[in-house]
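K.L.:
Next up is a structure, given as structure tokens.
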Amino acid sequence: MAKQSSFFRSVSRLYPHVKPVLPRLFLGLLSALLASVVALAIPQVLRGLINDSLGPGATVEAVWGSAGLILALGVAEAVLVALRRTFVINPATTVETRMRVSLYGHLQDLPVSFHDRWGSGQLLSRAMTDLNFIRRWMAFGAIMLVVTTLTVVIGVIVMFTMSWQLALIFLAAAGPVMVYGFRFRTRFSKVARRSQDQAGDLATTVEESVHGIRVLKAFGRSREALETFNGQAEELRQTEIAKARHQAVFSMVVTLLPELALGAGLVTGIMLAASGQLSIGSLVAFFATAAVIAAPVEFSGMLLAMALTAKTALDRHFEVMDSQNTITGPADPRRPADVKGALSFNNVTFAFDDAPDKPVLEDVRLDICPGETMALVGITGSGKSALLQLVPRLYDVTAGSIELDGVDLREFSVEELRTLVAVAFEDTTLFSSSVRDNVLLGVVSEDTDTREKILAEALDTAQAHFAYSLPEGLDTLIGEEGLSLSGGQRQRLALARAIAAAPAVLVLDDPLSALDVNTEELVENRLREVLAGTTTLIVAHRPSTVALADRVALLEDGHIAAVGTHAELLAGNGHYRHVIASLETEPRDLDSELSALDDAEEVSR
Amino acid sequence: MSNTAFGTANEDNANLSKSDSKAVRRRSLALLGSLIRPVRLRFWLTIATVVLSQAARVAGPALIAFGIDHALPALRAGNSLPLVLAGVAYLIAALAAAGLTALYVTSTAALSQAMLLDLRLWVFRHTQRLSLEFHEKYTSGRIIARQTSDLEALRELLDSGVSSLASGLLFMLFTAVTVFALDWRSGLVVLAAAVPMFFLARWYQKHSQMAFRQSRVVSARLIVHFIETMTGIRAVKAFRKERENAGRYGELAEDYRRATVRSINLNGVFQPGLVLIGNVCVAAVLLFGGFRVLTGDLAVGVLLALMLSTKRFFQPVDQMAMFYNSFQSAQAALEKVSGLLEEVPTVRPPRNAVELRDARGAVEFRNVEFRYGTGPLIIPTLNLAIPAGQTVALVGQTGAGKSTLAKLIARFYDVSAGSVMLDGVDVRQLATADLRRNIVMVTQEAFLFSGSVADNIALGRPEAPREEIEAAAKAVGAHEFIMELPEGYDTDVNKRGGRVSAGQRQLISFARAFLARPAVLILDEATSSLDIPSERLVQSGLAGLLRGTDGTGPAADSPAADGTSRRTARTALIIAHRLSTVETADRVLVVHDGQVVEDGTPDELIGGNGRFARLHSAWKDSLV
Ligand SMILES: Nc1ncnc2c1ncn2[C@@H]1O[C@H](COP(=O)(O)OP(=O)(O)OP(=O)(O)O)[C@@H](O)[C@H]1O
Ligand SMILES: Nc1ncnc2c1ncn2[C@@H]1O[C@H](COP(=O)(O)OP(=O)(O)OP(=O)(O)O)[C@@H](O)[C@H]1O
Ligand SMILES: [Mg+2]
Ligand SMILES: [Mg+2]
């Protein structure tokens, strides 16, 4: 029985969404009920009319009257059918849309660590397929389930009034059907869930195969990709067939048992009638009623399957909706009276969710003065990007704290913080819109002239003048749906975007990696001016990038191993030389380098 | 091909011209037909089960009638045989009905799943085959929309439609016969109902077609936006694009809702309309029959039977409306899918391929011109010969066309004029397998697929054993960090390789190329995110690979290197901004505006006073 409550618990979570439209859904239900009553009544009325009013000696008026009555009933049926739809469609689609929009909103809210785990196909299948199904279930499945149940219940009651013995026989079939129904429910739910998950995975695979098409083509691996996809699609097919098999067995049971009961009823009824315990009229009426409820009973297999699928769809939906957004601002956010841009990392420890016992950063201490440019240097995989992403709170520190002008980042409102901090990521993401919109993404000002000025300025700083010569200039659509650009062009636009936001703190993750030496130099010259008043944290792999910085922090084994100017570190820190110096004019003396490494354990404060 | 709706052109337009509309409809139906063809036997069997189960179901009431009319009197007369017969027959009918029902439920599922699988694979294969040029404008979101929500529409049709159509039609046929047998004049009245129904259906078809098309277009837009947001979630958050996105998505979702409501509302007129026509027809038959009863032309009993049959005749109309609804929906979806399938790859494998198993690796550009689509000329007339075994560095400003040149060699695009040759054979003449075995490119974006590290490296050569995968990783210096991952080579790198750092991603992609051991290796800034020590490791590994002396254990006996003639060297095209890579090259090409403006050995160029010399000295300066 625990399982059953879980069905109702899942479905009851729909209630808050459905509540405002409940009256209309109820009216829809009523129309559906009335429509089926009218549909059932028409044959009875016909019989009555023909037998009573149209017998020999009937009048012309009677004919007109009967036809009129039937016509009226017929019109009523059609109108009720139409009414059911009108009542239900708008509310159901509104609920669907609202759930869809709130799912999307919630997904945008959820932290990056959530998105690291979930494939976009899985999320998409929740937003589209699942919600579509839930809508159809609300508008049709649920209502029909109620109508069907009512029809059957009323039918059985009517059968009791005709012959309690026969009705009991019929009801006896209900027992096993219900028992089987429980088993069906658990099994079917499991398979339904599996098929929905597999469909989501399949969508993820499709997405990856398209985004990774260049790699697949470069290595000629389309066949292997197809095989993987085939494997998954085949699994989904098997699951779907397993699902159908469960449903088939249930339909069989639900058809067979009542029919068997009716067969037994037929024999019993005739024997009862023969012995005079039952009138023939009652016998006929009993079976007429049984015929009426036969269709709904058979239908119930399909309706039950639909309800269960809707339930698992709801579970999937709420699984995402229940994920907590851990990165939120406090109720009463603080902000420093005057944002100067002093950034300090106090004993910051950070571990990714999937490797909690292996912190990437441990006890990181680093102070960046307002307006200072700090380069972050470290070998591949040392945690530079991880450190940077802590600043706009894309991830939260596991322990310790980061403060901006003395205020813990977690005390800012998230939105405010992200206005103060602008980022250029190592892999550039441009959105499907114009160059202008992409660059101005983080700009707060609404004034057109100011915006144009900022735009021109940012493009100039990032040396992205090429944007003016694109087919439609700055209005050229770029991003996935637009024009493809070269790697360096994309990177410069992303840099321009970060600069344009004019933040208090600028976070740049290896922003010049795709630029040639000349362009790099040009960018750096301009960037130096811009960075002069902005606190900047910049990841550097090359000495040329380091040259932008006032000081350099060396990240090693999750700690900040040394802080100082480029020259200081170069002179005093072996690991730094190892990481950054590519000119090996004089032969390296590894031994002295290693000892220098130990000396350089002077951690900055 | 003259119509404007060929392929995916005009896909976002729901209001097609008459001829276009007809054309897409036709190709959609053709697609449906070609999906059914391979499973037609199963298709007919399914329909047969539906019909049989319907028959078994009809037998029930008949047996009840028999029981009451015959078995009861017989029993009263002391003969229980008819009762036993009726009971047994009922039992058999019940068993048959139940069994057949189960059979057709599974059979329908098997049928529809077979067709869906078929179509899924077809679409997948086709999208893989389509050229980059197509993918660049079509977006992944649309392909996903085709593969998910469009296929879903087809699935709905297959799951519910076919059986209801078959049983409904049959049922109507039988009842129609009954009606005609009872009174042919009333039969004509019933038939007359087909006229308004036909017009109603025509009306519905015309409007719902538009509505469903609209719905497909809008849902694809919704999906495209959704996917874009989720893949770019970091940037979305960092630049607070959430609100703007939510607004846009809200609009799209509302559009989608409106499109859905519109199609449902059309059905909401269509279905009750059919019911109404049916009911009016019943009233008409009653009127018509009633007067004839008055004149004595028709017996009252016949009239009753007639009325009940007429009423029953219109019962399946409901189901038929539902079928037609899902049919229209599926058809609109298939219009889009068939459009995608109709797209022809612009980069096509040759009809009569020239065989080239193991190329030496000589690359030549002969009078090559290139533009992306109809865009500006990126490469104006280029002539260039790279002898086999040479290591060539390609340098130049960003946007100069370096990647473009590289992609032409790898045949990601076809040249607009002239030809690119490998060992004297036009790359357009090579079979895809030969081309990809001989030329491998590490692209500027290091893309990893979700799956283990080993799987990602193995993409270079799927049949490679684990030792070779590890050897490749060792050769590029990726082994250490991989071993530090929680499950080593079996660690899942998450979607797009999010589990590893940018540099680590590049190392893994590099190892991939290493494993592939092609005759021509193209590296497009494959080390841009690496630190200097890692880069140095990669370079020494690369030098080994290129000289054919990498000595990475068993891998050295790869097909290209086996036999008597151990290969001497591979051709390499290296694009790099860090000139440390360039110094090790045999030859440097400086590209500017799609043209090679300098060409020589590194020493020659550094010694001169051209662009490269300037670039090089600037770079030297930048190092300290
Ligand atoms: N989502 C994640 N879950 C678990 N571990 C991760 C995740 N992302 C990165 N890592 C690991 O954390 C470490 C630091 O990664 P990070 O991206 O910060 O490196 P990085 O210093 O920026 O390197 P690079 O110079 O290559 O960009 C790496 O070893 C990486 O494997
Ligand atoms: N798919 C494409 N469609 C249209 N134009 C493109 C496409 N890819 C590149 N371009 C354009 O072609 C030109 C050359 O681009 P390419 O990618 O070859 O430059 P690149 O030399 O590799 O530059 P980078 O060093 O920045 O990677 C650029 O102006 C770019 O905008
Ligand atoms: Mg990084
Ligand atoms: Mg490039």
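If you read the protein sequences in the order shown, they are chains A and B. Mapping of the first sequence onto my numbering: position 444 corresponds to residue 444, and the numbering continues sequentially without gaps. Mapping of the second sequence onto my numbering: position 271 corresponds to residue 876, and the numbering continues sequentially without gaps. Quick reminder that beta carbons are idealized off the backbone N, C-alpha and C, glycines included.
1) Around ligand 1, which residues pass a check of Cβ closer than 6 Å to any of its heavy atoms?
2) Please list the residues of the stretch 904–915 of chain B that have a C-beta atom closer than 8 Å to any C-beta atom in chain A, keeping them in chain order.
3) Taking only beta-carbon atoms, is L680 of chain B less than 8 Å away from chain A?
4) If I'm right that R1104 of chain B touches L1064 of chain B with Cβ under 8 Å, what's the distance once you round it to whole angstroms?
5) May I ask you to list the residues that DSSP assigns as paired with L1013 of chain B?
6) Can you find a heavy atom of ligand 3 that lies under 7 Å from the Cβ of D509 of chain A?
7) At a Cβ threshold of 8 Å, is I1074 of chain B touching chain A?
8) Since T609 of chain B meets chain A, which of its residues come closer than 8 Å, beta carbon to beta carbon?
9) Short of 8 Å Cβ to Cβ, which residues in the stretch 820–839 of chain B face chain A?
10) Return the residues of the stretch 208–220 of chain A that lie within a Cβ-Cβ distance of less than 9 Å from chain B, sorted by chain order.
11) Cβ of H964 of chain B less than 8 Å from any chain A Cβ?
12) So what does A399 of chain A bridge to, in DSSP terms?
13) When you compare the CB positions of E259 of chain A and A676 of chain B, do they come within less than 8 Å of one another, or not?
14) Can you grab the Cα-Cα spacing for the pair R1219 of chain B / V1187 of chain B, in whole Å?
15) Leaving aside the five residues before and after F299 of chain A along the sequence, list all residues of the same chain whose C-beta is less than 7 Å from its C-beta, in chain order.
16) Please indicate yes or no: does the CB of Q1111 of chain B lie closer than 7 Å to some heavy atom of ligand 4?
17) Kindly list, in the order they appear in chain A, the residues whose Cβ is closer than 9 Å to that of Q718 of chain B.
18) For A456 of chain A and I1074 of chain B, what's the separation of their Cα atoms in angstroms?
19) Kindly indicate the opening and closing residues of the beta strand (DSSP E) around H1197 of chain B.
20) According to DSSP, simplified to helix, strand and coil, what is V552 of chain A?
21) CB-CB under 8 Å to G978 of chain B, same chain, minus the five flanking residues each way: which ones, in chain order?
22) Give me whichever residues DSSP pairs with K1205 of chain B in a beta bridge.
23) Return helix, strand or coil for I169 of chain A, following the three-state DSSP convention.
24) Name the one or two DSSP bridge partners that T1176 of chain B has.
25) Closer than 8 Å, Cβ to Cβ, to anything on chain B: give me those residues from the stretch 164–193 of chain A, in chain order.
26) Whole-angstrom Cβ separation of L999 of chain B and V1125 of chain B, contact assumed at under 8 Å?
27) Alpha carbon to alpha carbon, how far is R1016 of chain B from A1160 of chain B? Give it in angstroms, no decimals.
28) By the three-class DSSP mapping on this structure, what secondary structure does Q1200 of chain B have?
29) Checking the sheet assignment: what are the DSSP bridge partners for V1098 of chain B?
30) Quick check: is the beta carbon of I748 of chain B nearer than 8 Å to any beta carbon in chain A?
31) At the level of alpha carbons, what is the spacing between H1221 of chain B and E969 of chain B?
32) Within the 8 Å Cβ cut-off, does T255 of chain A reach chain B?
33) Residues of chain B with CB closer than 9 Å to the CB of V60 of chain A, please, in chain order.
34) Going by beta carbon distance, what residues of the same chain come within less than 6 Å of V391 of chain A, once the five residues before and after it are set aside?
35) By the 10 Å Cβ neighbour count, where 16 or more other Cβ atoms means buried, how is H465 of chain A classified, buried or exposed?
36) May I ask you to list, following chain order, the residues of the stretch 627–641 of chain B that have a beta carbon less than 9 Å from some beta carbon of chain A?
P.N.:
On the basis of the supplied data:
1) My final list is A:D116, A:F352, A:D354, A:A355, A:V360, A:G378, A:T380, A:G381, A:S382, A:G383, A:K384, A:S385, A:A386, A:E426, B:G1103, B:R1104, B:V1105, B:S1106, B:A1107, B:G1108, B:Q1109 and B:S1134.
2) Interface annotation for the stretch 904–915 of chain B against chain A: V905, L908, L909, M912 and L913, criterion Cβ-Cβ distance under 8 Å.
3) Yes - at least one Cβ of chain A is within 8 Å of the one on L680 of chain B.
4) About 17 Å separates the two Cβ atoms, so there is no contact after all.
5) L1013 of chain B pairs with nothing; no bridge assigned.
6) Result yes, Cβ under 7 Å from ligand 3.
7) No, no contact with chain A.
8) Within chain A, no residue comes near T609 of chain B; the closest Cβ sits about 20 Å away, beyond 8 Å.
9) The stretch 820–839 of chain B vs chain A, Cβ under 8 Å: S824, L827, I828, V829, F831, I832, E833, T834, M835, T836, G837, I838 and R839.
10) Answer in chain order: E208, S209, V210, H211, G212, I213, R214, V215, L216, K217, A218, F219 and G220.
11) Looking at the sequence provided, one finds Ala at residue 964 of chain B rather than His. Output row for A964 of chain B: interface = no.
12) BP columns for A399 of chain A point to A:T349.
13) No, these two residues do not count as a Cβ contact at 8 Å.
14) The alpha-carbon atoms of R1219 of chain B and V1187 of chain B are separated by roughly 14 Å.
15) Within the same chain, F299 of chain A has close Cβ partners T148.
16) Not under cutoff, so the answer is no.
17) Per Cβ cutoff of 9 Å: L236, R237, Q238, E240, I241 and A244.
18) So the alpha carbons of these two residues sit roughly 49 Å apart.
19) Per DSSP, H1197 of chain B belongs to the beta strand (DSSP E) from R1192 to H1197.
20) V552 of chain A: strand per DSSP, three-state reduction.
21) Cβ neighbours of G978 of chain B beyond the five flanking positions: E738.
22) Sequence inspection shows Gly at residue 1205 of chain B; the Lys mentioned does not correspond to that position. Among the bridge pairs identified by DSSP, G1205 of chain B is matched with B:V1193.
23) The answer is helix: DSSP assigns I169 of chain A an H, G or I state.
24) For T1176 of chain B, which the question treats as bridged, DSSP gives the partners B:V1125.
25) Of all residues in the stretch 164–193 of chain A, none is placed with a Cβ closer than 8 Å to any Cβ belonging to chain B.
26) For L999 of chain B against V1125 of chain B, the beta-carbon gap comes to about 13 Å, at or over 8 Å, which does not count as contact.
27) Unreliable positioning characterises A1160 of chain B in this predicted model, as indicated by a pLDDT of 39, which lies under 50. The coordinate reading is nonetheless provided below. The straight-line gap from Cα to Cα measures roughly 27 Å.
28) Q1200 of chain B: strand per DSSP, three-state reduction.
29) BP columns for V1098 of chain B are empty, so no partner.
30) At a cut-off of 8 Å, the C-beta of I748 of chain B has a neighbouring C-beta in chain A.
31) CA-CA distance, H1221 of chain B to E969 of chain B, rounds to 27 Å.
32) Taking Cβ atoms only, chain B reaches closer than 8 Å to T255 of chain A, which makes this a yes.
33) By Cβ distance, chain B contributes G895, F896 and L899.
34) Only V421 and V507 meet the Cβ criterion.
35) By the Cβ-count criterion, H465 of chain A is exposed, with fewer than 16 other Cβ atoms from all chains shown falling within 10 Å of its own Cβ.
36) Going along the stretch 627–641 of chain B in chain order, one finds no residue with a Cβ nearer than 9 Å to chain A.
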